Each structure stands twice: as structure tokens, then as C-alpha cells.
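Undergrad: Each residue of the sequence shown is one higher than the one before, counting from 53 in the numbering used here.
In this text, a Cβ means the ideal position worked out from N, Cα and C, and glycines have one as well.
Nothing here was measured: the structure is a model prediction, and the numbers come from that model.
Can you keep this structure in mind? I'll have questions shortly.
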Amino acid sequence: FPVESETLWGVVLHSPLRYPHNEDHSVTTRVNLVNLGTAQILTIPGEALPNIGFYLKRKMRGEHNLLFGLTNDAFGYILTKVDFKSFPRYDYVSRTSLGEMTGEIFIEQALNLVNEGPQPDRHQ
Numbered sequence: 053f054p055v056e057s058e059t060l061w062g063v064v065l066h067s068p069l070r071y072p073h074n075e076d077h078s079v080t081t082r083v084n085l086v087n088l089g090t091a092q093i094l095t096i097p098g099e100a101l102p103n104i105g106f107y108l109k110r111k112m113r114g115e116h117n118l119l120f121g122l123t124n125d126a127f128g129y130i131l132t133k134v135d136f137k138s139f140p141r142y143d144y145v146s147r148t149s150l151g152e153m154t155g156e157i158f159i160e161q162a163l164n165l166v167n168e169g170p171q172p173d174r175h176q
């Protein structure tokens with residue numbers, strides 16, 4: 053993910069967690085897709101806004117679709133470019149996000165996992 057927020061870039065550089073990062077102001081994180089019986093679980097490396105969660109759950113292929121947020125990493129809020137700085141209530145959320153394209157990048161990668169990964173079991 054590109055890190056556009058100077059605040060979050062400072063966190064990446066100075067955190068005792070020693071986040072791996074790239075010279076081009078980007079970070080790499082892990083997203084997991086787990087099938088457990090008829091359930092499908094997708095992890096989110098931050099706190100996604102509800103519209104992202106509802107969209108992803110509709111696209112997942114389990115009988116029971118679950119999202120686990122703040123997993124593997126906690127890279128701030130994840131919002132789409134439509135929501136980014138869209139109105140005053142989202143000022144804080146936008147400032148504590150990696151950047152304007154984080155939501156789109158996450159959705160694309162998550163859907164790749166869902167579409168290319170193994171399908172969960174079907175209820176018999």
C-alpha cells in the first residue's frame with residue numbers, strides 16, 4: 053500500500069514493531085482467506101469502513117462470510133476514494149488512513165483472493 057499520510061509514515065518508521073517498509077513510501081501487509089467448513093473468513097489489516105465490509109461479504113463465497121479486522125497489521129482506517137475527506141466527520145478517519153487509494157487496493161486484492169482461492173465446503 054502507498055503511505056500518503058505523513059503521520060502514519062512516521063508511525064511506520066519509528067514504531068517499536070519495526071514495520072517492514074519500502075523507500076517509495078509503501079508498506080506490504082498480509083491478507084488471509086480461510087475456509088472453515090461452510091464459512092469463509094477474510095482478514096483486514098486495519099479498520100475498514102462498513103461499506104467496504106458489506107461489499108466484500110456479498111462477494112465472498114461461503115455460506116457464512118466473516119471479516120476479521122485489525123488482523124496481521126493495524127494500518128489505520130481503510131476507506132475508498134469516494135469516502136476519503138468527503139465531509140468533516142471523516143477528517144480524522146482520512147488523516148489516520150494510509151491514503152486515498154487504500155480501500156480500492158484492498159478491495160482488489162481481497163477479491164483476487166476470494167475468486168482465485170479454494171471454495172469453502174457446501175452444506176449438504
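With a 10 Å radius around its C-beta and 16 neighbouring C-beta atoms as the bar for buried, classify L122 as buried or exposed.
TA: L122 is exposed by the Cβ-count criterion.
Undergrad: Using the Cβ count rule (16 or more neighbours within 10 Å means buried), how would you classify F127?
TA: Burial call: buried.
Undergrad: Would DSSP call V145 helix, strand or coil?
TA: Note: V145 maps to helix in three-state DSSP.
Undergrad: Write down the C-beta distance between V83 and F53 rounded to the nearest angstrom, noting that I regard them as a contact closer than 8 Å.
TA: About 11 Å; that fails the 8 Å criterion.
Undergrad: Hey, how far is the Cα of K111 from the Cα of P140?
TA: Distance between the alpha carbons of K111 and P140 is about 30 Å.
Undergrad: When you compare the segment 132 to 150 with the segment 92 to 109, are there three or more beta-carbon pairs, one atom per stretch, that lie closer than 8 Å?
TA: Verdict: yes, contact present.
Undergrad: Does DSSP put H66 in a helix, in a strand, or in coil?
TA: If DSSP states are grouped into helix, strand and coil, H66 belongs with the helices.
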